[in-house]
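Participant: Just dropping this structure here.
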Amino acid sequence: MKDMCAVSKFNYCFKKINKHYRYLILISDIYDFYINGPACDDHPNLNHRSISEGLNYLHSGWVGAIKHCYKTVNKDIITLAVQIRFSQRIINFHNVEVTVNKANRQIVTVKCNCTASEGKSCSHSAGLLFKIVEANKCGFTASSCTDKECIWNHSTQENVLPDSISNIRGKNESTVNTSLAFDTDEQLMDHLNSSTLKELSAIPGTILNHLKSAKPLSHPHNKRTLPDHELHNTNMECPACFMTYEKYVHLSTTDAVLLAQSTVNQKCALWTTQRKLRITSSTAASVPKKVGTDLPSGLQIICTQHS
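Residues 1 to 307 (the UniProt record's numbering) make up the sequence shown, in order.
Shown next as structure tokens:
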């Protein structure tokens, strides 16, 4: 085919496309396009996010089967097409097309129906390219079409169906980021004032500008007020536990007498407040909800049962 093909006209033959994808793209070519290639403002793209998200699309099973067609007679320019599932909406797909010059392994154009494609920062196209690289690395493209079926290019999309949250089970456990990108505020400011981010962080309204112009907190939230824990025993030798005990648990003789006097019977305000909380939390379903003549007796029975 000489001209750009529609998605419905791409080659669907999975047994004869091994040789077309062999050494078509290397990992260095992907990095060169997304990092060193020109962005929409003709500056270096430096699009590390598309690389990481493209790998995530491949590993998560969102990349479909790749189709291809040629734009020139000598078959030097090849266009690859694939459907990539939305990461949030599993019933929708992005249509991705990448044109590659096979002679020098150069990515010519990237086309996607997502918004980021207009700014040359589409991560869906990276998922397509990483699938080609992964197939070459595993040696799938070295086999002939007469040896065995070309099964690597079958859709890697998983059969994901909507379900209730209680029945959804994630494959990987969530991890906690235990390291910070910058240890001090000075390191962050030096990074924002570097030649790479100085102009970008000066644009009002951007996240980088908010970070650069943010004022330090007068009272940091992570300020530690308790000493470190030590030996735990009945003698209260741990300083942190002893401070908590003295502040919230321990009663002096005077305080104990006042508490006993204020709770001498069930008519005191403190007892009533505590009973309200217990009734609400433990037997809220049995408390009468209709206004009627039996409402006081119903409440009296409940209070009697819990007394």
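Note that beta-carbon positions come from the ideal geometry of N, C-alpha and C, so glycine has one too.
Could you tell me the distance, in whole angstroms, from the CA atom of N209 to the CA atom of L197?
Facilitator: Roughly 10 Å separates the two Cα atoms.
Participant: Three or more C-beta pairs under 8 Å: does that hold for the region 71-81 against the region 47-55?
Facilitator: They do not touch, by the three-pair rule.
Participant: So V98 packs on L128, CB below 8 Å; how close in whole Å?
Facilitator: About 6 Å separates the two Cβ atoms, so the contact holds.
Participant: Once DSSP output is grouped into helix, strand and coil, what is the label at E237?
Facilitator: Coil, per DSSP.
Participant: Is I66 near V82, with beta carbons less than 8 Å apart?
Facilitator: A contact, by the Cβ cut-off of 8 Å.
Participant: In the DSSP assignment, what are the bridge partners of Q261?
Facilitator: None; Q261 has no bridge partner.
Participant: Out of Q88, N92, V63, N45, which has the shortest C-alpha to C-alpha gap to G119?
Facilitator: Here the closest residue by C-alpha is N45.
Participant: Quick check: the Cα distance between N104 and L24, rounded to an integer number of angstroms?
Facilitator: One C-alpha to the other measures close to 9 Å.
Participant: Whose CA, out of A269, F182, V110, P239, lies closest to the CA of F33?
Facilitator: Comparing Cα-Cα distances from F33 to each of A269, F182, V110, P239, the minimum goes to V110.
Participant: In this structure, does DSSP put G64 in helix, strand or coil?
Facilitator: Correct three-state label for G64: coil.
Participant: Measuring alpha carbon to alpha carbon, tell me which of S194, Q88, H250, A39 ends up nearest S117.
Facilitator: Selected option, being the one with the closest Cα: A39.
Participant: Taking the alpha helix (DSSP H) that V133 falls in, what are its first and last residues?
Facilitator: 124-137 is the extent of the alpha helix (DSSP H) around V133.
Participant: Count the other CB atoms, across all protein chains shown, that sit within 10 Å of the CB of T79; report buried if there are 16 or more and exposed otherwise.
Facilitator: Counting Cβ neighbours within 10 Å, T79 comes out buried, since at least 16 surround it.
Participant: Can you tell which of A181, D183, L211, A256 has the C-alpha that lies nearest to the C-alpha of N193?
Facilitator: It is L211 whose Cα lies nearest to the Cα of N193.
Participant: Rounded to a whole number of angstroms, what is the C-alpha to C-alpha distance between I207 and I91?
Facilitator: Each residue's Cα considered, the two are about 32 Å apart.
Participant: Going by C-alpha distance, which of Y70, N113, N95, C122 is nearest I30?
Facilitator: Ranking the options by Cα distance to I30, first place goes to C122.
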